[in-house]
Amino acid sequence: MTYDEDSLSFPAILICAPHPNLGGDMDNNITTSIARVSADRGFTSLRFNYRGVGNSECHIKDIAQRFQYWDVSLNGGDYTDAVTDTHSALNFLISQIGKEHGIFVAGYSFGAFVGMRVGAESKYIKAFAGISIPFGRYPLNFLPECKKSKLCIYSQNDFSTTVKDTLKGFESLLPPKTLELMENSDHFYRGQEDLISQKICTFFTDQGKESTR
1 MTYDEDSLSF
11 PAILICAPHP
21 NLGGDMDNNI
31 TTSIARVSAD
41 RGFTSLRFNY
51 RGVGNSECHI
61 KDIAQRFQYW
71 DVSLNGGDYT
81 DAVTDTHSAL
91 NFLISQIGKE
101 HGIFVAGYSF
111 GAFVGMRVGA
121 ESKYIKAFAG
131 ISIPFGRYPL
141 NFLPECKKSK
151 LCIYSQNDFS
161 TTVKDTLKGF
171 ESLLPPKTLE
181 LMENSDHFYR
191 GQEDLISQKI
201 CTFFTDQGKE
211 STR
């Protein structure tokens with residue numbers, strides 16, 4: 001967990017990492033930026049690794065078999081284990097801060113899609129933000145009726161999704177929703193991490209203000 005050392009601040013952000021087979025872990029450049037910037041903005045955040053990544057346990061011990069296990073979910077296959085891991089992380093976060101405080105989800109790439117699903121499923125999530133959401137790879141059947149606020153951040157040179165798929169996917173979402181284009185960037189957003197993190201924190205802060213009106 002990351003937060004201001006002077007106090008365990010609220011509300012909180014659950015941060016979801018990219019796909020394990022694409023180097024995705026809790027120390028990714030985007031996820032660490034969100035954690036650091038959000039702490040400066042008064043949030044508590046939790047980063048975590050999916051099963052078998054870093055020090056996270058996994059029922060598959062062989063590295064090659066573990067790679068094959070995760071490879072199924074890379075291009076639209078079953079990714080329910082990642083969803084389960086994210087729900088577990090959310091439950092841990094709730095155990096630390098309680099249920100009465102606002103909780104948001106921010107995810108990057110594969111983590112954006114997983115985070116959106118958990119955000120749609122959990123009553124404790126107030127809103128969610130996704131960076132480079134891999135629209136076109138996974139079905140959106142969990143989102144048609146979701147009326148929670150959504151922020152979608154994308155670039156025009158992203159290998160994980162196309163602009164066409166992003167715009168089509170965004171169009172299918174119910175409002176309230178916001179679409180943000182990061183100019184002159186690609187999937188990795190090098191040099192733009194903190195700008196993205198600021199946009200996410202501002203979005204979540206605005207959602208908190210709306211809920212108190």
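Residues 1 to 213 in the numbering used here are what the sequence shown lists, from first letter to last. For glycine and all other residues, C-beta sits at the position ideal for the given N, C-alpha and C. Everything numeric in this text was worked out from a predicted model, so none of it was measured.
Inter-residue Cα distance where the pair is residue i and residue j
i	j	result
tyrosine 222	glycine 76	Any property of residue 222 remains undetermined from this structure, which presents the chain solely from 1 to 213.
isoleucine 196	serine 155	11 Å
glycine 111	asparagine 184	23 Å
proline 18	tyrosine 108	6 Å
valine 163	lysine 209	31 Å
arginine 190	proline 20	20 Å
histidine 87	leucine 167	28 Å
threonine 202	methionine 182	16 Å
alanine 106	leucine 22	18 Å
aspartate 281	isoleucine 15	Within the shown structure, residues of the chain are numbered from 1 to 213, placing residue 281 beyond reach of any answer.
aspartate 186	isoleucine 97	35 Å
alanine 64	phenylalanine 188	26 Å
isoleucine 30	glutamine 68	25 Å
Selected residue, minimal CA-CA separation from residue i, among the options
i	options	result
glutamate 5	Leu74, Asp40, Ser33	Asp40
histidine 101	Asn157, Pro11, Asp206, Met1	Pro11
glutamine 198	Pro144, Ala35, Met1, Thr2	Ala35
arginine 51	Asp81, Ser172, Phe92, Leu143	Asp81
phenylalanine 159	Ser132, Phe92, Gln68, Gln96	Ser132
valine 114	Asn49, Asn29, Met1	Asn49
threonine 2	Gly42, Asp186, Asp25	Gly42
glutamate 145	Gln207, Ser73, Pro175, Asp165	Pro175
asparagine 141	Ser73, Leu173, Asn157	Leu173
leucine 143	Tyr79, Gly119, Asn157	Gly119
Residue i vs residue j beta-carbon contact at 8 Å
i	j	result
serine 45	isoleucine 94	no
phenylalanine 104	phenylalanine 204	yes
serine 33	glutamate 193	yes
leucine 90	serine 38	no
proline 134	threonine 161	yes
arginine 47	valine 83	no
Residue-chain proximity (residue i, chain C), Cβ-Cβ < 8 Å
i	result
leucine 174	Absent from the structure: chain C. Only one protein chain is present.
### Query
Within the chosen definition, does the stretch 122 to 130 reach the stretch 143 to 151 through at least 3 CB pairs nearer than 8 Å?
yes
### Task
Any chance you could list the beta strand (DSSP E) runs of at least 3 consecutive residues sitting entirely within the stretch 160 to 201, in chain order?
177 to 181
### Message
In chain order, what are the residue ranges of uninterrupted beta strand (DSSP E) at least 3 long that sit wholly in the stretch 91 to 170?
### Response
103 to 108, 125 to 131, 149 to 154
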